[in-house]
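Going by the numbering used here, the first residue of the sequence shown is number 1395, and it counts up by one from there. Okay, structure first, notes after.
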Amino acid sequence: MLIVVGLGNPGKQYADNYHNTGYKVVQKLVELYSLKLKKSGKGHIATTYKGGEQIVFALPDTFMNLSGEYVRELMGKFKAQVEDLVVIYDDIDLAPGVLRLRASGSAGTHNGMRNIVSCLNTDKFKRIRIGIGKPPENIPLMNYVLMNVTGENKDYINCGIETAAEAVKEYVDKRDFERIMREYN
């Protein structure tokens, strides 16, 4: 069992926001595997199998700060263990498009991740962070992450989305997260 969750906010008005970078990776994976997302509880899922193992790609319909509610629901539905989970999300502490894969770790300043860690009572799950860069000095963080990605940042972040999808696909195929971390970090 593998559950891959891309964090973001639901709704067309958020589709191209910095905060929806994780969503875009899962959408790319659904496309790569020729799947369709279907409503499931507080989100949407697409499922496939690799070597007899179920792979679930998921997008929460909860807003970012309540991502943990959906992740907990999803894990219960599939009777998944925390080691079956990979969460993909944006990170202001990384330059646009830069990836960081980790087998566990703190939520940092990301409220969606804080909620997941709180709802699961652990930070021992895999994550892929995609850099979106820091906001300009005159723009508050909350406003920045809800802005549409434009200009040069868009090119870098789109490259990061593609690379993150490749990393997940490789993980699905080979199931060696340590090697994937060494290769993509």
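Backbone N, C-alpha and C define an ideal beta-carbon position, used for all residues, glycine too.
Cβ distance (whole Å) where residue i is taken to contact residue j below 8 Å
i	j	result
V1562	V1398	6 Å
I1439	V1480	So it is not a contact: roughly 14 Å between Cβ atoms.
R1466	C1513	4 Å
Y1417	G1400	5 Å
L1488	F1451	Not a contact, Cβ separation roughly 23 Å.
Three-state secondary structure assigned by DSSP to residue i
i	result
I1574	helix
L1488	coil
R1521	strand
R1569	coil
L1431	coil
I1533	coil
Residue i vs residue j beta-carbon contact at 8 Å
i	j	result
N1542	N1411	yes
I1524	A1558	yes
T1456	K1433	no
V1476	T1503	no
G1527	N1547	yes
L1453	M1575	no
I1392	T1442	This structure gives no information on residue 1392, because the portion of the chain shown stretches from 1395 to 1579.
N1579	L1493	yes
G1470	N1509	no
Top-ranked residue by Cα proximity to residue i, from the options
i	options	result
Y1408	E1477, N1537, F1519	N1537
G1545	L1453, G1491, D1570, A1501	G1491
Y1565	G1445, F1472, Y1464	G1445
P1404	D1549, F1472, Y1464, E1577	Y1464
Separation of residue j from residue i, as counted between CA atoms
i	j	result
R1569	M1507	23 Å
Y1483	G1402	8 Å
M1395	E1531	43 Å
A1474	V1539	30 Å
A1497	K1406	32 Å
Q1421	L1429	10 Å
Residue i Cβ short of 7 Å to the ligand ATP heavy atom set
i	result
N1547	No copy of the ligand ATP appears in this structure; indeed no ligand is present at all.
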